Amino acid sequence: MNIKISRETLLKPLTEVNGIVERKHTLPILSNIMLEAKNNTLVLTATDLEIQISSQIESSNANNFSITVSARKLLDICRALPEGSELDLSGTETRVTVKTGKSKFNLQALPSADFPLINRSETTASKFVIEQNKFKALLRQVEFSMAQQDIRYYLNGLLLEIKDGKLNLVGTDGHRLSFTSTTLNAAATNQEVILPRKTVIELIKLLNDSDEELAIEFANNQVSFEFSSIKIISKIIDGKFPDYSRVIPQGHQNKFETDRLGILLAMQRASILSNEKYRGIRMVLSTNNIKMISTNSEQEDAEEELELNYSGDSLDIGFNVTYLIDVLNNIQNDKVEFSFADANSSCLVTIPGNSDYKYVVMPMRI
47 MNIKISRETL LKPLTEVNGI VERKHTLPIL SNIMLEAKNN TLVLTATDLE
97 IQISSQIESS NANNFSITVS ARKLLDICRA LPEGSELDLS GTETRVTVKT
147 GKSKFNLQAL PSADFPLINR SETTASKFVI EQNKFKALLR QVEFSMAQQD
197 IRYYLNGLLL EIKDGKLNLV GTDGHRLSFT STTLNAAATN QEVILPRKTV
247 IELIKLLNDS DEELAIEFAN NQVSFEFSSI KIISKIIDGK FPDYSRVIPQ
297 GHQNKFETDR LGILLAMQRA SILSNEKYRG IRMVLSTNNI KMISTNSEQE
347 DAEEELELNY SGDSLDIGFN VTYLIDVLNN IQNDKVEFSF ADANSSCLVT
397 IPGNSDYKYV VMPMRI
C-alpha cells in the first residue's frame, strides 16, 4: 500500500464515515475503517453491521490496495496536522504508516478480508430520485418524534412510505406523531420501510443543503442512498409501524392561527417553572385569548397570555410542553395553526396552506 494525499482531501471523507464507528465494540475491526484504492479512486468505508457508509475521492497516485485501520486514530491524526499538509500513507496488512513533514505515525492494521461489508441487495423493490435539500428538510420535520430505545423497537425509527406517487415520512413515540409528505417527480412502486434512528441522524448530518440529486433505492431488507460522493446502505427495522392515519384527527373545529415565534417564546418562558419530570403546561383558551400556565412541586407557577383570533369553545387542556416546543422549533414557517376537539382529545398542529404536514400531540392530565 502506498498513497500520497493532502490532509484536506482525506479529512472530508474521514469525517463523513466516522459518525457510525463505535469506539468500543465486541468486534475490534468495527472500530476500523476500510481504505480501498482502485481505478484512481480511494474509497473509505465504515460499518456497524446495521448501516454502512462509503465515501470516495479521486486519487491518481494510489496503487491498488485494501486495508483497515483505526477510524478514530486516523481522524485525530488528520485533525491535529497543520493545514496544507501532504500525507504519505504506506503499509502492509498489519501496519500502516502515516508520514508528513517531521511527523510519523505507525498504526496497527487489520486485513480487509475480515471487514464485514454489507453487500448491496441485487433485487430492487422501488427507487426514486429527490433533491438533497428537500429530503433533508422532510427528515428534520419528523425526526424529533422518533422514540429512543423504546421496547416497541419499530418506533425507534422513521416510516418511509411510497404511496400513490407520494413519499410520506412518519415518526412517533406513542405520545406524539409527525407526518410529512411530498409528491415524487416520477412514478415509483408502492413500498414502506422503517429506517433506523441512527441512519436518519447520519442522513441529516451528511445531506447537502443544495438541490443536487439523492437516489434512494428500497431493496430486500435494506435501503440505499447515493448522493455527492457518498453511498449509504442501511438495514431496516423489521416490524409493523402503527397505522398513522387513525391517529391524525379529522374535523377538529376549535382552531386558531398564530405567529410561530411568538407562541414558541411564550411556551419556553412558561416551561421554566413546569414540573421537571412531567413538563406539563395548561393551555386555557377563551375568546381571542390563550393563557399558558405551568406549576411545579415547589408551589411555583408561571403564566403567559397571548391575544389571538379565536372564536371556538372555551377549553382548558394540558400538554407536555416539550412536545409543543419541539414542533415549533422544527418547522420554519412564520405562521402555525393549532386545532382541538375538546379538553380530552389530541391537539393537531399544521402549517396554514400546507396539507402535507401534520403533527399530533396527545393531551395529559395536569
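Heads up: the sequence shown begins at 47 in our numbering, then just goes up one per residue. Don't be surprised by glycine CBs; every beta carbon is placed ideally from N, CA and C. Because the structure is a prediction, the values reported are computed rather than measured.
Supposed contact pair residue j and residue i - C-beta distance, whole angstroms, cut 8 Å
i, j, result
"LEU201", "LEU215", "About 14 Å separates the two Cβ atoms, so there is no contact after all."
"ASP372", "ARG328", "Contact doesn't hold; Cβ gap of about 18 Å is too wide."
"LEU153", "LEU121", "Their Cβ separation, rounded to whole angstroms, is 12 Å, which puts LEU153 and LEU121 out of contact at 8 Å."
"LYS286", "ASN267", "Incorrect: roughly 15 Å between the Cβ atoms, too far for contact."
"ILE123", "PHE151", "6 Å"
"LEU17", "ILE336", "Any property of residue 17 remains undetermined from this structure, which presents the chain solely from 47 to 412."
"ALA171", "THR235", "6 Å"
"GLY220", "ALA193", "7 Å"
For residue i, the residue or residues it bridges with in DSSP
i, result
"CYS124", "Its beta-bridge partners do not exist; DSSP assigns none."
"THR80", "A quick correction: the sequence has Met, not Thr, at residue 80. DSSP output for MET80 lists THR91, THR114 as bridge partner(s)."
"GLY137", "VAL142"
"TYR200", "Bridge partners of TYR200: none, in fact."
"ARG166", "DSSP, once it has assigned bridges, lists no residue as partnering ARG166."
"THR228", "LEU213"
"GLY326", "ASN366"
"PHE273", "LEU260, ILE276"
"GLN98", "THR93, ILE279"
"GLU177", "GLU259"
"TYR403", "THR226"
"PRO157", "ILE113"
"ASN182", "Here residue 182 turns out to be Lys, not Asn, going by the sequence shown. Answer is none; LYS182 lacks a bridge partner."
"GLU132", "SER52"
Other residues of its chain near residue i: CB distance less than 6 Å, five sequence neighbours each side excluded
i, result
"THR368", "ARG325"
"GLU277", "The question names Glu, but residue 277 in the sequence shown is Lys. The answer, listed in chain order, is SER100."
"LEU374", "ARG306, LEU310"
"LEU213", "THR228, LEU230"
"ASN254", "GLN178"
"SER317", "VAL367"
"GLU350", "ALA312, ARG315, ALA316, MET338"
"GLU258", "GLN178"
"LYS145", "ASP134"
"GLN237", "ALA171, SER172, ILE208, PHE264"
"PHE273", "GLN178, LEU260"
Nonlocal neighbours in the same chain, by C-beta distance under 8 Å from residue i, ignoring five residues either side
i, result
"SER106", "ASN86"
"PRO162", "LEU73, ILE75, LEU76, THR93, LEU95"
"VAL188", "LEU204, LEU215, VAL216, GLY217, SER224, PHE225, THR226"
"LEU319", "SER340, THR341, ASN342, GLU346, ASP347, ALA348"
"VAL63", "ILE79, LEU90, THR91, ALA92, ILE99, SER100, SER101, ALA117"
"LYS58", "SER101, ILE103"
"SER413", "Residue coverage of the chain in this structure runs from 47 to 412, which leaves residue 413 outside it and unanswerable."
"GLU68", "LEU76, SER77, ASP94"
Under 8 Å between C-beta atoms of residue i and residue j
i, j, result
"LYS173", "PHE111", "no"
"LEU370", "MET313", "yes"
"ILE103", "THR55", "yes"
"ALA126", "VAL142", "no"
"ILE176", "ILE262", "yes"
"LEU394", "LYS381", "no"
"ILE279", "ILE208", "no"
"ARG166", "SER191", "no"
"LEU331", "SER291", "no"
"MET80", "SER158", "yes"
"ASN334", "TYR356", "yes"
"LEU260", "PHE181", "yes"
"HIS298", "ALA387", "yes"
"ASN108", "ALA83", "In the sequence under discussion, the amino acid at residue 108 is Ala, which differs from the Asn named in the question. Yes."
"ILE294", "TYR199", "no"
Other residues of its chain near residue i: CB distance less than 7 Å, five sequence neighbours each side excluded
i, result
"GLY65", "GLU248, LYS251"
"GLY137", "MET47, ILE113, THR143, ALA155"
"SER256", "GLN178, ASN179"
"HIS71", "SER77"
"ALA365", "Looking at the sequence provided, one finds Phe at residue 365 rather than Ala. The residues are ILE327, MET329, CYS393, VAL407, PRO409, MET410."
"ASP402", "THR226, SER227, THR228"
"PHE384", "LYS301, PHE302, CYS393, VAL395"
"GLU139", "ILE113, ALA155, PRO157"
"ILE412", "GLY326, ARG328, GLY364"
"ILE49", "ALA83, LEU88, SER105, ASN107, ALA108, LEU135"
"PRO288", "THR218"
Residue i Cβ short of 7 Å to the ligand MN heavy atom set
i, result
"MET80", "Ligands displayed in this structure: none; no statement on the ligand MN is therefore possible."
Below-8 Å beta-carbon distance, residue i vs any chain C residue
i, result
"LEU133", "Given the protein chain composition of this structure (a single chain), no chain C is represented."
Discussion item. Quick check: the stretch 126 to 133 against the stretch 86 to 97, are at least 3 beta-carbon pairs closer than 8 Å?
Written reply: no
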